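Participant:
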Amino acid sequence: MVAIAGNLSALWIILANGFMQHPVGYVLRNGRAELEDFAAVIGNPYAWGEYLHTVSSAWMLGGIFVLGVAAWHLARKNDVDLFSKAVRVAAPFTLATALLLGAAGHNQGMNVAQYQPAKMAAMESHWETTARAPMNIIAWPDQKNGRNAIEALPIPGLMSLIAFNDANAEVKGLNDFAREDIPPVLLSFLSFRFMVAMGGLFVLVAAWAWWRRRDLAADRRLIRILPWMIPLPYFTIMAGWTLAEVGRQPWIVYELMRTGDAVSPVPGSSVLVSLLAFLAVYTLLGVVDIWLLWTNARKGPEPAQTVEEA
Numbered sequence: 246m247v248a249i250a251g252n253l254s255a256l257w258i259i260l261a262n263g264f265m266q267h268p269v270g271y272v273l274r275n276g277r278a279e280l281e282d283f284a285a286v287i288g289n290p291y292a293w294g295e296y297l298h299t300v301s302s303a304w305m306l307g308g309i310f311v312l313g314v315a316a317w318h319l320a321r322k323n324d325v326d327l328f329s330k331a332v333r334v335a336a337p338f339t340l341a342t343a344l345l346l347g348a349a350g351h352n353q354g355m356n357v358a359q360y361q362p363a364k365m366a367a368m369e370s371h372w373e374t375t376a377r378a379p380m381n382i383i384a385w386p387d388q389k390n391g392r393n394a395i396e397a398l399p400i401p402g403l404m405s406l407i408a409f410n411d412a413n414a415e416v417k418g419l420n421d422f423a424r425e426d427i428p429p430v431l432l433s434f435l436s437f438r439f440m441v442a443m444g445g446l447f448v449l450v451a452a453w454a455w456w457r458r459r460d461l462a463a464d465r466r467l468i469r470i471l472p473w474m475i476p477l478p479y480f481t482i483m484a485g486w487t488l489a490e491v492g493r494q495p496w497i498v499y500e501l502m503r504t505g506d507a508v509s510p511v512p513g514s515s516v517l518v519s520l521l522a523f524l525a526v527y528t529l530l531g532v533v534d535i536w537l538l539w540t541n542a543r544k545g546p547e548p549a550q551t552v553e554e555a
């Protein structure tokens, strides 16, 4: 029930974020955006793509966490039977969710190309409108001069395929957008590259764990690698949200309200105090969370009680 409730709560949060990314179901009256069609908001295709991408990443994170903890105990020969069973359950789950995550990411990439073409161009550092647009394996954006300072190893048509499921499709370049409508390219580009690279790594490691799921304890290399994988999905999810929010700029509600127009008339000192307070509270919560996870993961399950002990 907790898992179901958590996934449902994420849905409503992401439906709200989906409106900011692709506003639907509203009407402008006297300078205000007012809800006109609740069904359109609930059925927002951008939001549903974002939701599937988000929850599949969370499921995959859970699978990698279980694999990492189980591998840590197997390396120390703690309760080998129990943690071997954990691997046999977690390995196929992690592989399935990693593949689902890749499919959801591709679907969301097509949503971005359709509804936020400037974000699509920024996350690929794509400057000139081109049919059969390539994806450069190596690139470094130069936003000031509207080009890539470094560009190498292009794969023809791959960006068009990612954006439109058609290797011959035309992809609009950043130089065809107004300069004031272009998001920060370097951060969008690096966030996307990191997210995709980590996604590929997760599929490979999950497939390796699935292949060795019945004798993982014998694979000394893999059981050393898996515990180090635990923090990577957290950083990858943060990179994904960085791309989602930075790539939306300069809009707080896409093509409806600019971030600069949404600034409240609050003194800078008040904002600074609030920011520091939030930073302190969430840092403390993060430290406590990591400590609890580490302590309980190391401890493992409690030994079963006998009838006499009970």
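Numbered by the numbering used here, the letters in the sequence shown go through residues 246 to 555 in order. Virtual Cβ for every residue (Gly too), placed ideally from N, Cα, C. Computed from a prediction, not measured in an experiment: that's the story for all the values here.
Mind checking Met-246: buried by the 16 CB within 10 Å criterion, or exposed?
Facilitator: By 1-based counting over the sequence shown, the position of residue 246 is 1. So Met-246 ends up on the exposed side.
Participant: Is Phe-328 buried or exposed, if buried means 16 or more other CB atoms sit within 10 Å of its CB?
Facilitator: The residue you call residue 328 lines up with position 83 of the sequence shown. Classification of Phe-328: buried, given that the 10 Å Cβ count is 16 or more.
Participant: Take the Cβ of Glu-295 as the centre, count every other Cβ of all protein chains shown within 10 Å, and call the residue buried at 16 or more, exposed below.
Facilitator: Here residue 295 corresponds to residue number 50 of the sequence shown, with the count starting at 1. So Glu-295 counts as buried.
Participant: Cα separation between Val-552 and Lys-544?
Facilitator: Numbered from 1 along the sequence shown, position 307 holds the residue referred to as residue 552. Numbered from 1 along the sequence shown, position 299 holds the residue referred to as residue 544. Only weak support is given to the placement of Val-552: the predicted model assigns it a pLDDT of 49, under 50, and the value that follows is read from those uncertain coordinates. Using only the alpha carbons, I get a separation of about 23 Å.
Participant: From what residue to what residue does the beta strand (DSSP E) around Leu-399 run?
Facilitator: Indexing the sequence shown from 1 puts residue 399 at position 154. First, the amino acid is wrong: residue 399 is Pro here, not Leu. Taken as a continuous stretch (DSSP letters only), the beta strand (DSSP E) holding Pro-399 covers 392-400.
Participant: DSSP on Thr-504, reduced to helix/strand/coil?
Facilitator: As a working note, residue 504 is residue 259 in the sequence shown. Looking at Thr-504 - three-state DSSP - the assignment turns out to be helix.
Participant: Looking at the structure shown, is Thr-375 part of a helix, part of a strand, or coil, going by DSSP?
Facilitator: Taking the sequence shown and counting its residues from 1, one reaches residue 375 at position 130. Strand, per DSSP.
Participant: Are Thr-487 and Asn-420 close, meaning C-beta to C-beta below 9 Å?
Facilitator: Against the sequence shown, residue 487 aligns to sequence position 242. Against the sequence shown, residue 420 aligns to sequence position 175. Going by C-beta atoms, Thr-487 is not nearer than 9 Å to Asn-420.
Participant: What distance in whole Å lies between the Cβ atoms of Asn-410 and Arg-377, which are believed to be in contact at a cut-off of 8 Å?
Facilitator: The count along the sequence shown starts at 1 and reaches residue 377 at position 132. The count along the sequence shown starts at 1 and reaches residue 410 at position 165. Not a contact, Cβ separation roughly 14 Å.
Participant: Taking Ile-259 as the reference, which of Ala-250, Gly-270, Ile-287 has the closest Cα?
Facilitator: For the purposes of this step, residue 259 is taken as residue 14 along the sequence shown, with counting starting at 1. Answer by Cα proximity: Ile-287.
Participant: Quick one: residues in its chain with C-beta nearer than 6 Å to the C-beta of Asn-381, no 5 flanking neighbours on either side, listed in chain order?
Facilitator: As a position in the sequence shown, residue 381 is number 136, starting the count at 1. Correct list, in chain order: Glu-396, Pro-399.
Participant: As an exercise, report each continuous beta strand (DSSP E) stretch of at least 3 residues that is fully enclosed by the region 389-471, in chain order.
Facilitator: As far as the region 389-471 is concerned, its whole beta strand (DSSP E) runs of at least 3 residues are 392-400.
Participant: Along the chain, where does the beta strand (DSSP E) containing Pro-268 start, and where does it finish?
Facilitator: If you number the sequence shown from 1, residue 268 lands on position 23. No beta strand (DSSP E) holds Pro-268; DSSP gives it neither H nor E.
Participant: Do Met-305 and Leu-345 have their beta-carbon atoms positioned less than 9 Å apart in this structure?
Facilitator: As a working mapping, residue 345 is identified with position 100 in the sequence shown. As a working mapping, residue 305 is identified with position 60 in the sequence shown. Yes, the Cβ-Cβ distance between Leu-345 and Met-305 is below 9 Å.
Participant: Grab me the residues of Asp-426's own chain with a C-beta within less than 7 Å of its C-beta, minus the 5 sequence neighbours each way, in chain order.
Facilitator: Reading the sequence shown from its first residue, position 181 is the one you call residue 426. Taken in chain order, the residues that qualify are Ala-363, Pro-495.
Participant: Based on the DSSP output, what are the partners of Glu-281 in its beta bridges?
Facilitator: Reading the sequence shown from its first residue, position 36 is the one you call residue 281. DSSP output for Glu-281 lists no bridge partner at all.
Participant: Take Gly-251 as the anchor and find which of Phe-283, Ser-301, Ala-284, Gly-276 has the nearest alpha-carbon.
Facilitator: Here residue 251 refers to the residue found at position 6 when the sequence shown is read from its first residue. The residue with the shortest Cα to Cα distance from Gly-251 is Ser-301.
Participant: Of the choices Arg-424, Gly-485, Ala-423, whose alpha-carbon is the least far from that of Ala-442?
Facilitator: Counting from 1 along the sequence shown, the entry for residue 442 is found at position 197. Ranking Arg-424, Gly-485, Ala-423 by Cα distance to Ala-442 puts Gly-485 first.
Participant: On the premise that Val-357 lies in contact with Gln-388, defined as a C-beta separation below 8 Å, what is that separation, rounded to the nearest angstrom?
Facilitator: Sequence index remark: in the sequence shown, residue 388 carries index 143 (1-based). Sequence index remark: in the sequence shown, residue 357 carries index 112 (1-based). The pair is not a contact, with the Cβ atoms about 19 Å apart (cut-off 8 Å).
Participant: What's the call for Asn-289, buried or exposed, on a 16-neighbour Cβ count within 10 Å?
Facilitator: Along the sequence shown, read from residue 1 onward, the residue named residue 289 stands at position 44. When all chains shown are included, Asn-289 counts as buried.
Participant: Kindly identify the DSSP beta-bridge partner or partners of Val-300.
Facilitator: What you label residue 300 is simply residue 55 of the sequence shown in a count that begins at 1. Paired residue(s): none; Val-300 is not in a bridge.
Participant: Name the DSSP beta bridge partners of Asn-541, please?
Facilitator: Against the sequence shown, residue 541 aligns to sequence position 296. Partner(s): none; Asn-541 has no beta bridge.
Participant: By alpha-carbon positions, which one of Leu-467, Ala-451, Leu-256 ends up nearest to Tyr-291?
Facilitator: Taking the sequence shown and counting its residues from 1, one reaches residue 291 at position 46. The shortest Cα separation from Tyr-291 among Leu-467, Ala-451, Leu-256 belongs to Leu-256.
Participant: At what residues does the beta strand (DSSP E) containing Asp-326 begin and finish?
Facilitator: Stepping through the sequence shown from its first residue, residue 326 is reached at position 81. It is not in any beta strand (DSSP E) - Asp-326 instead sits in the alpha helix (DSSP H) that spans 325-360.
Participant: Could you please give the first and the last residue of the uninterrupted beta strand (DSSP E) stretch that includes Met-246?
Facilitator: As a first step, residue 246 must be located in the sequence shown, where it is residue number 1. Taken as a continuous stretch (DSSP letters only), Met-246 belongs to no beta strand (DSSP E), as it is neither H nor E.
Participant: Report the rounded CA-to-CA distance for Ala-278 versus Tyr-271, giving the unit in angstroms.
Facilitator: Your numbering for residue 278 matches position 33 in the sequence shown. Your numbering for residue 271 matches position 26 in the sequence shown. In a straight line, the C-alpha of Ala-278 is about 6 Å away from that of Tyr-271.
Participant: Suppose contacts are defined by Cβ-Cβ distances below 9 Å. Is Met-474 in contact with Ala-408 by that definition?
Facilitator: The residue labelled residue 474 in the question sits at position 229 within the sequence shown. The residue labelled residue 408 in the question sits at position 163 within the sequence shown. Going by C-beta atoms, Met-474 is not nearer than 9 Å to Ala-408.
Participant: Is the region 490-507 in contact with the region 347-356, if contact means three or more CB pairs nearer than 8 Å?
Facilitator: In short, these stretches do not touch, since the Cβ pair count stays below three.
Participant: Between the region 261-269 and the region 312-321, are three or more C-beta pairs nearer than 8 Å?
Facilitator: Output reads no: the region 312-321 does not touch the region 261-269.
Participant: Reducing DSSP to helix, strand and coil, say where Asn-289 ends up.
Facilitator: Position 44 of the sequence shown, counted from the first residue, corresponds to residue 289. It is coil, neither helix nor strand.
Participant: Pull up the CB-CB distance for Val-332 and Leu-461, whole angstroms please, since I reckon it's below 8 Å.
Facilitator: Reading the sequence shown from its first residue, position 87 is the one you call residue 332. Reading the sequence shown from its first residue, position 216 is the one you call residue 461. Contact flag correct, Cβ pair sits at about 5 Å.
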